[in-house]
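Undergrad: Before I ask anything, here is the structure I am working with.
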């Protein structure tokens, strides 16, 4: 298991950058509660956290506990807008992220709704579902009290205008989309508190960067390195020059540009992600970071750690 830690150089997150964290899990795993709590404790919290549940009867993963329960106990929904979607048919991490983003878009299109107040009289009042969190355009029976505004199924809080506008900018490929990022997280990846802040600082200082990955350490032994960027062998196979049990003493902290980074904790430009049509869904979890990084570098973008 891995625990993502922040890059060495400290940078303050730049205002104007928006982040959608995507957490992929197969139901409730032993590591998911810690992963969600770690996201909730970030010094810069993602604006929206999208939890993609890929559990299904076919893969038999998860313990049967609803993901919503773990989100609730983690406290994540008290600091960020949490959206939960299902992707039981997704065979890989890349497929789960893509399917999750598609279903997140569908969730935004549904819009918010307002629950009828208890005891609402049958007045023929309409209850549209397209209004956003400001409540503009909602209709209710004022004589019976105002109904509670809720998000669509899978949304633990009402959808905000800022959230919808950020998504629309990405879909329209506008300039604003260049300041929108995906933070990719595995269920067994618990980022340290300053991880996202420092990743955002790294990409804000170099506009040519399309993907930034954190240093990876062991879940049970956080003083032991697992990965600080990736390279390939002469046969083009994924390779890691960190030796087993290597203690983190800052010996790799001067690295910047690398061939590739793993997907656990990686920050990816949303517009760049949308352009990865050449990357197939069936890439395994041990090759997805290398495959994505290569595709981005072929487009002339940088990958850093």
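Residue numbers (the UniProt record's numbering): 1 to 305.
Here a beta-carbon is modelled for each residue, glycine too, at the ideal position from N, C-alpha and C.
Remember, it's a predicted structure, so these values are computed and weren't measured experimentally.
1. Here's the rule I'm using: 16 or more other beta-carbon atoms within 10 Å means buried, otherwise exposed. How should residue 30 be labelled?
2. Compute the Euclidean distance between the alpha carbons of residue 266 and residue 200, then round it to the nearest angstrom.
3. What residue from 264, 298, 287 and 32 has the CA that sits closest to residue 276's CA?
4. So, helix, strand or coil for residue 219, using DSSP?
5. Pick helix, strand or coil for residue 230, following the three-state DSSP scheme.
6. So, is residue 73 buried or exposed, given that buried needs 16 or more other C-beta atoms within 10 angstroms?
7. Whose C-beta lies closer than 6 Å to the C-beta of residue 246 among residues of the same chain, with five residues either side of it excluded?
8. Classify residue 207: buried if its beta carbon has 16 or more other beta carbons within 10 angstroms, exposed otherwise.
9. Verify whether the separation of the beta carbon atoms of residue 75 and residue 27 is less than 8 Å.
10. Grab me the residues of residue 294's own chain with a C-beta within less than 7 Å of its C-beta, minus the 5 sequence neighbours each way, in chain order.
11. Comparing alpha-carbon positions, which option in 202, 184, 221 and 301 lies nearest residue 46?
12. Would you kindly report the start and end of the unbroken alpha helix (DSSP H) that includes residue 84?
13. Measuring straight from C-alpha to C-alpha, what distance separates residue 232 and residue 241?
14. Buried or exposed: where does residue 286 fall if 16 or more other Cβ atoms within 10 Å of its Cβ makes it buried?
15. If we define contact as Cβ-Cβ less than 8 Å, is residue 259 a contact residue for chain D?
16. For residue 108, which residues of its own chain have a beta-carbon under 8 Å away from its beta-carbon, when the five flanking residues on both sides are left out?
17. Based on Cα-Cα distance, which residue from 271, 228 and 52 lies nearest to residue 262?
18. Pop quiz: residue 100 and residue 50 are said to be a contact at Cβ under 8 Å. What is the actual Cβ separation, rounded to whole angstroms?
19. Taking residue 180 as the reference, which of 68, 209 and 300 has the closest Cα?
20. Output the distance between the C-alpha atoms of residue 102 and residue 171, rounded to the nearest integer angstrom.
21. If the criterion is Cβ atoms closer than 8 Å, does the pair residue 92 and residue 282 meet it?
22. Going along the chain, which unbroken runs of the beta strand (DSSP E) with 3 or more residues stay wholly within the region 177 to 221?
23. Under a Cβ-count criterion, where at least 16 other Cβ atoms within 10 Å of its own Cβ denotes burial, should residue 155 be classed as buried or exposed?
24. Looking only at DSSP bridge pairs, what is residue 22 linked to?
25. Please report how far the alpha carbon of residue 85 lies from the alpha carbon of residue 18, in whole angstroms.
26. Distance check for residue 34 and residue 221, CA to CA, integer angstroms please.
27. Leaving out five residues before and five after residue 65 in sequence, what residues of the same chain have Cβ atoms less than 8 Å from its Cβ?
28. Going along the chain, which residues of its own chain have a beta-carbon closer than 8 Å to the beta-carbon of residue 270, five neighbours each way excluded?
29. If we ignore side chains and look at the alpha-carbon of each, how far apart do residue 301 and residue 289 end up?
30. Could you give the residue range of the beta strand (DSSP E) that holds residue 267?
TA: According to the data block:
1. exposed
2. 11 Å
3. Of the candidates 264, 298, 287 and 32, the residue whose Cα lies closest to the Cα of residue 276 is 298.
4. Assigned with DSSP and collapsed to three states, residue 219 falls in coil, not helix or strand.
5. Looking at residue 230 - three-state DSSP - the assignment turns out to be strand.
6. exposed
7. 225
8. exposed
9. no
10. 260
11. 184
12. Run containing residue 84: none in the alpha helix (DSSP H); it sits in the beta strand (DSSP E), 81 to 86.
13. 10 Å
14. exposed
15. No chain D appears in the structure shown, which is made up of a single protein chain.
16. 159, 163, 164 and 167
17. 228
18. With a beta-carbon spacing of about 6 Å, residue 100 and residue 50 fall inside the 8 Å limit used to define contacts.
19. 209
20. Using only the alpha carbons, I get a separation of about 11 Å.
21. Yes, the pair counts as a contact, with Cβ atoms nearer than the cut-off.
22. As summarised for the region 177 to 221, the continuous beta strand (DSSP E) elements at least 3 residues long and confined to that stretch are 180 to 186, 209 to 212 and 215 to 218, given in chain order.
23. buried
24. 50 and 184
25. Going by the C-alpha atoms only, they are around 20 Å apart.
26. If you draw a straight line from the Cα of residue 221 to the Cα of residue 34, it is about 15 Å long.
27. These residues qualify, in order along the chain: 27 and 28.
28. 20, 170, 177, 180, 181 and 182
29. 15 Å
30. 267 to 269
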